[in-house]
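With the sequence shown counted from 1, adding 755 to any position gets you this note's numbering. Okay, structure first, notes after.
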Amino acid sequence: MKKATMTIFAGQNANMTYKELELKVINAISGLYGHNEARSVQRFLFACFSGFDSARYLILRNETADKDFENNVEQAIPRLIQYEPVQYITGKTWFCGNELSVRPGVLVPRPETENLVIKIAERNKSKGQISILDIGTGSGAIAISLSLFLASARVEAIDISEVALSIAKENAYANKAEVGFFKNDILNLSTTNELPLYHVIVSNPPYIRQSERRMMSRNVIDYEPEIALFVEDSDPLVYYRAIAGFALSHLEPGGELWFEINESEGENIMSLLNNMGFRNIEIIQDLNSKPRYAFAELY
756 MKKATMTIFA
766 GQNANMTYKE
776 LELKVINAIS
786 GLYGHNEARS
796 VQRFLFACFS
806 GFDSARYLIL
816 RNETADKDFE
826 NNVEQAIPRL
836 IQYEPVQYIT
846 GKTWFCGNEL
856 SVRPGVLVPR
866 PETENLVIKI
876 AERNKSKGQI
886 SILDIGTGSG
896 AIAISLSLFL
906 ASARVEAIDI
916 SEVALSIAKE
926 NAYANKAEVG
936 FFKNDILNLS
946 TTNELPLYHV
956 IVSNPPYIRQ
966 SERRMMSRNV
976 IDYEPEIALF
986 VEDSDPLVYY
996 RAIAGFALSH
1006 LEPGGELWFE
1016 INESEGENIM
1026 SLLNNMGFRN
1036 IEIIQDLNSK
1046 PRYAFAELY
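Here it is in structure tokens:
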């Protein structure tokens, strides 16, 4: 009887395998996120905590998990159940192949924005020493990626948030990207007049209407900064108008203006840019065939 008791006790304290922990996470959050998203969250969590690439993880999946790894996963589960973004739990994400720190106070960069960066880089890769401004830089994802893609470019970025600028500077240093960061409010043009001319101005500004909030996931609306997400229904293009107005006096002749946009505002943004004097205006689809980016030139 004593031997059986000892066996049960040992089994209760044995470390779990990676696969068992994997299933534990998925079972805990599938009812909140759906199975496919729960699986994506679990994979991201494990990649961050283990440092394994997918091939190494598959080899070790049935092995007993490292104790620190298991502890990290166990501590993450209650936070995931509270809808906290997995990127905030791990403190990191990847954007255009670069590891970035993300914490409360900055928006978690999205895959759609990666595609915007790639389009800008492809269009400007043969232009030599160009200057680029990223407006509303957040974590610095756009500015840092463009600096690394276009090594000869001068890249600067502005944001209204001291927290965001601190994280962006940290990310630039970690990725050895040369980016100048400045605090500015694009809705207050008097603070931006001293900035120079640029060949490219890019922004992923707030564009989600307050009325669309009810369609958003809790992991977004409960944790990510509202100032980076939402605009009033009465003036959903407030940032586009301000940024385009700034671009009129801060773009070089032939300069490019790039936006990420709300998929329902493409025609309105085209009209806005046309009325302000921009030319060669395009609304470009994302990888899901949704109108997601605006491009215009100034002559």
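Glycine included, C-beta positions come from ideal geometry on N, C-alpha and C.
Tell me which residue opens and which closes the beta strand (DSSP E) that residue i is part of.
i	result
Q1040	1034 to 1040
T819	T819 -> no beta strand (DSSP E), and no H or E assigned at all.
S1026	Here S1026 belongs to no beta strand (DSSP E); instead the alpha helix (DSSP H) covers 1021 to 1030.
K938	934 to 938
N853	853 to 856
E1052	1046 to 1053
What does the alpha-carbon distance come out to for the pair residue i and residue j?
i	j	result
N826	Y962	39 angstroms
G883	L905	8 angstroms
V918	I976	18 angstroms
W849	E818	27 angstroms
L1053	F807	47 angstroms
F799	N930	20 angstroms
M756	S972	Any reading at M756 must be qualified, since the residue scores a pLDDT of 42, below 50, and its modelled position is unreliable; the value itself is stated next. Cα-Cα distance, rounded: 52 angstroms.
A886	G860	It should be pointed out that residue 886 corresponds to Ser in this sequence rather than to Ala. Taking the straight line from one Cα to the other gives about 27 angstroms.
S1044	E877	19 angstroms
A1051	L903	23 angstroms
H954	E792	39 angstroms
A810	R865	25 angstroms
H790	L984	26 angstroms
V863	C851	13 angstroms
K1033	Y812	For the sequence presented, residue 1033 should be read as Phe rather than Lys. Distance between the alpha carbons of F1033 and Y812 is about 50 angstroms.
V910	N943	22 angstroms
Beta-carbon within less than 8 angstroms of residue i's beta-carbon, same chain only, minus the 5 sequence neighbours each way: which residues are those?
i	result
I982	I915, S916, P961
N870	D1041, L1042, R1047, Y1048
K847	C803, E854, L855, S856, V857
I998	I890, I941, I956, S958, P960, L1012, F1014
L1027	L992, Y995, R996, A999
A765	Because A765 carries a pLDDT of 37, less than 50, the predicted location of this residue cannot be relied on, and the following value inherits that uncertainty. Closer than 8 angstroms at Cβ, skipping near neighbours: no residue.
N1029	I1036
R968	I976, F985
Could you give the first and the last residue of the continuous alpha helix (DSSP H) run that contains residue i?
i	result
F804	790 to 805
Y843	841 to 845
R865	Neither: R865 is in no alpha helix (DSSP H) and is coded neither H nor E.
Considering only the beta carbon of each residue, do residue i and residue j sit closer than 9 angstroms?
i	j	result
M1031	G1000	yes
R964	D940	no
F936	G893	no
Y838	L787	yes
A923	A908	no
P840	E979	yes
Y773	L835	no
I1039	K874	yes
L952	L1006	yes
M771	A831	no
Quick one: what's got a C-beta closer than 7 angstroms to residue i's C-beta in the same chain, skipping five residues either side?
i	result
F824	F804, S805
K880	L905
I899	N853, N926, A927, N930, A932, V934
L920	D914, F936, K938
I897	T868, V872, D889, V957, N959
Report all residues from its chain with a CB closer than 6 angstroms to the CB of residue i; omit the five preceding and five following residues, and keep chain order.
i	result
V828	L776
E867	D1041, R1047
S1004	none
Shorter than 9 angstroms from the beta carbon of residue i to some beta carbon of chain C?
i	result
L992	Protein chain content of the structure displayed is limited to a single chain, and chain C is not contained in it.
Complete alpha helix (DSSP H) runs within the region 940 to 1009 (minimum length 4 residues, chain order): 973 to 976, 993 to 1005
Every unbroken alpha helix (DSSP H) within the region 881 to 927, with a cutoff of 4 residues, ordered by chain: 896 to 904
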